[in-house]
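Novice:
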Amino acid sequence: MRKANVVCTMVAFILVCSIAAGCSDSGSSATAPNGSGQPQGQEKKEERTLKMMSGVIGGKTPEENTLFEKEIERLTGIKAKLDKPASDYDQKLLAAIASGEKFDLLQVSKEKMNLFIEQGVLAPLTDQVKGSKVLQDPDVLPPQEWEQVKTKDGKIYGVFTKFQGGTMPIVRNDWLKKLNLQEPKTFDDYYKVLKAFTEQDPDGNGKKDTYGLSTAGMYELQGFFSGAGLKQRYVEKDGKLDVPYSTDAAIPVYEWLNKLYKEGILDPNFATNDTGKMRNLFLTDRVGMITYWDAWVGMLNNTRKQQDASTVFEAKGLPGVAGPNGSYMLRRGDPDVWVIPVNAEHPKTAFEFIEWWHSKEGIVLGSMGIKDNDYTENGGKYELTKTGQEHAMDHGVPFWYNKKFPNPFGLLPGVKDAQDLVLKYATLELTPPKWADAEKIINEYSFKAIQGQMPAAEAVKKMREQLKANKLID
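Counting from 5, one number per residue, gives the positions in the sequence shown under this note's numbering.
(1) Identify the residues that DSSP records as bridge partners of Val112: which are they?
(2) Between the C-alpha atoms of Glu75 and Val401, what's the straight-line distance to the nearest angstrom?
(3) How should Asn474 be labelled, buried or exposed, when 16 other C-beta atoms within 10 angstroms of its C-beta is the threshold for buried?
(4) In angstroms, rounded to a whole number, what distance separates the CA positions of Ser218 and Lys320?
(5) Express the C-alpha separation of Val133 and Gly158 in angstroms, rounding to a whole number.
(6) Less than 8 Å between the CB atoms is what I'm expecting for Ile454 and Tyr258, so what's the real figure, rounded?
(7) Where does Arg468 fall in DSSP's three states?
(8) Would you tell me roughly how many angstroms separate the C-alpha atoms of Val368 and Asp143, rounded to the nearest one?
(9) Whose C-beta lies closer than 6 Å to the C-beta of Pro437 among residues of the same chain, with five residues either side of it excluded?
(10) In whole angstroms, what is the alpha-carbon distance linking Gly170 and Ala275?
(11) So Phe107 and Met56 are supposed to be a Cβ contact under 8 Å. How far apart are they, rounded?
(12) Mind checking whether Leu285 and Arg308 have CB atoms under 8 Å apart?
(13) When you compare only the Cα positions, how much space is there between Tyr429 and Gly231?
(14) Cβ of Ala220 within 8 Å of Cβ of Leu234?
(15) Taking 8 Å as the cut-off, does the region 193 to 200 touch the region 355 to 367 (at least 3 CB pairs, one atom from each stretch)?
(16) For Lys85 versus Glu73, is the C-beta distance shorter than 8 Å?
(17) Output needed for Asn435: all residues of its chain with C-beta closer than 6 Å, excluding positions within five of it in sequence on either side, in chain order.
(18) To which residues does DSSP link Met172 through a beta bridge?
(19) Quick one: what's got a C-beta closer than 7 Å to Asp378's C-beta in the same chain, skipping five residues either side?
(20) For Ala275, which three-state DSSP category applies?
(21) Find the nearest neighbour of Glu51 within the set Glu77, Gly63, Trp297, Leu71, judged by alpha-carbon distance.
(22) Is Leu185 near the ligand SAH, going by C-beta to nearest heavy atom under 7 Å?
(23) Which residue wins for smallest C-alpha separation from Pro272, given the options Arg176, Phe355, Tyr296, Gly456?
(24) What separation, rounded to the nearest whole angstrom, lies between the Cα atoms of Glu240 and Thr279?
(25) Leaving out the 5 sequence neighbours to the left and right, which residues in its chain are closer than 7 Å to Pro339 when beta-carbon positions are compared?
(26) What residues match up with Ile160 in a beta bridge as DSSP calls it?
(27) Quick check: what's the CA-CA separation for Ile121 versus Leu304?
(28) Is the beta carbon of Leu145 less than 8 Å from the beta carbon of Val346?
(29) Indicate the three-state DSSP secondary structure (helix, strand or coil) for Met56 in the structure shown.
(30) Using DSSP's beta-bridge definition, name the partner residues of Arg485.
(31) How long is the line joining the alpha carbons of Asp87 and Glu267, rounded to whole angstroms?
(32) Between the beta-carbon of Val419 and the beta-carbon of Asp246, is there less than 8 Å?
(33) Let me make sure I understand the geometry here. Which of Lys364, Ser58, Phe413 has the alpha-carbon closest to that of Lys96?
(34) Can you tell me the Cβ-Cβ gap for Val301 and Met117, rounded? I've got them flagged as a contact below 8 Å.
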C-alpha cells in the first residue's frame, strides 16, 4: 500500500505540474490567451479522438482490442486508442500516469476513483451529468443510483460503466432438493444444510468427498455476518470510522465458522483459495455452497448446461442469514466508472463517449462485442458467433441499466432472482483509501479465529488492537 501511495503522490505532482505549465503557456500568448493558438473567440475545435485505459472493457486479446478500437470509430466516428493491460491493471494505471502519460478516459473502481479524487487527479463531471439528457433519463440510469458515486459534498466524478451487482451465498439447489432440505435462513439452518452436503453423499458417488461450504478467504462472507447485523469493511457513525468485523458482535459468527472448519464442513483450503479454485469446486460437485457474485449464478448454470444439456445442476442465490431484526444484509459491489483526468486533452469527446456508452450501440459493444466477430445482426435479430458464445456477452458490460434495450437473449438461469436479492438487500461498502492495510489485519485474525489457532474473542481483541495501533479505526 505504501508503494501505491508513493505512486499516487507522484501522479498528483505530475498532474499539478502539467496543469501549471498549461496555464503558463496560455498566459504568455498575446494572440491566444485561451491557450488554443487561435485568436480569442475562435478556439480550435476539439479533435474527436480518445486515449483510453481500461481493465475489463475491450477485447479479450490484443488483436481484439484493435478490432474494438475500430468498432468504436465505426459506430461513433471517434478515433480511439485503448490501452488494456493483460494483468495488474491498477498498478499499471498508476505507473502510466506517474510517468507522464495523458489519458482522456479511464475505467476505474469507485475505490480508485475516491483515491484519485483525493489526489486531485480527476475532473468533476457534476454539471455535465446534471445537464445530460441521456444520463438524466430514468430509463437509462435510475436517479437513486447516483448516490453510489457522489462525494460527501454532492459532486460527481465518475459515470457508471455497467450495472454492478452484489455478492451472496450461492447454493446447489439441486442438492437441496435431492436431500429434501429447505432453504436455510438461520445459522442453525445453514449448519444443518452444510453438514448434510458434507455427510450425505449429495453427488451420489458413494464417497465422502464433498464439503458444505467453500470460500476464497474472507471473500465474501457478508451473507453470514448479516446474521449478526454486521456490515463488511467500514461503517461511519458520528464522524468516526469503525470495522464491524472487529467488534465483539462478530465473535459468534467466527465461532460458528470455526465449528464448520473443525467438523470438516468448511473447505480446509478456504484461506488460500482464489475465486477460480472455489468456483471449480462448485462446478465439479465437490462443494454445495460458495459465496460469490449474483452474475455467476447464471454463468455457473450455463457452464454446466453447455457441458451437459441434461444436467440437473442448479445454482441459486440466497439472501444469507437473517439478522437480529429479521432483515438481511448483502454486499453491493463498488461500481466501475468512467472518469476523466484533469489533464485530458479531449474532455468533451470523452464525455460524449460516456453518454454514447449508455446507448443501444454502446451497450451492444460492451456486452455482445464486435460485429461480425462476436455477433451478427439481421433486421434487429442478433446471433452470437462461436467466438461470441465463448465470450459470454461480456466485453466489460455483462449487465446494464438502460431499460430501453432489454437483453436480446434474455438472462441466464437464476440471474434475475439473484439480482432481485441484491436490489432488495444489498448496500455499498464504505472503502476508505487505507482499506488494503486494514484488510491484511482483518484477514490475519479472522483466519486464526476460523481455523481455531486462537479463540474468537481473543482474535477479535487482537484485531481491534492492531487496527487502532495503525490508526485504521477511530
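Think of the CB as a built atom: it goes at the ideal place given N, C-alpha and C, for glycine as much as any other residue.
Specialist: Per the coordinate set shown:
(1) Val341
(2) 16 Å
(3) exposed
(4) 15 Å
(5) 12 Å
(6) 6 Å
(7) helix
(8) 17 Å
(9) Leu119
(10) 21 Å
(11) 7 Å
(12) no
(13) 13 Å
(14) no
(15) no
(16) yes
(17) Per the sequence presented here, residue 435 reads as Thr, with Asn not at that position. Counting only Cβ-Cβ distances below 6 Å, and skipping sequence neighbours, we find Glu115, Arg237.
(18) Tyr296
(19) Met372, Leu388, Thr389, Thr391, Gly392, His395
(20) coil
(21) Glu77
(22) In the structure shown, the ligand SAH is absent, as is every other ligand, since no ligand is present at all.
(23) Gly456
(24) 29 Å
(25) Lys114, Gln152, Val153, Phe164, Gln168
(26) Lys154
(27) 37 Å
(28) no
(29) strand
(30) The question about residue 485 has no answer here: the residues shown for the chain are numbered 5 through 478.
(31) 48 Å
(32) no
(33) Ser58
(34) About 28 Å; that fails the 8 Å criterion.
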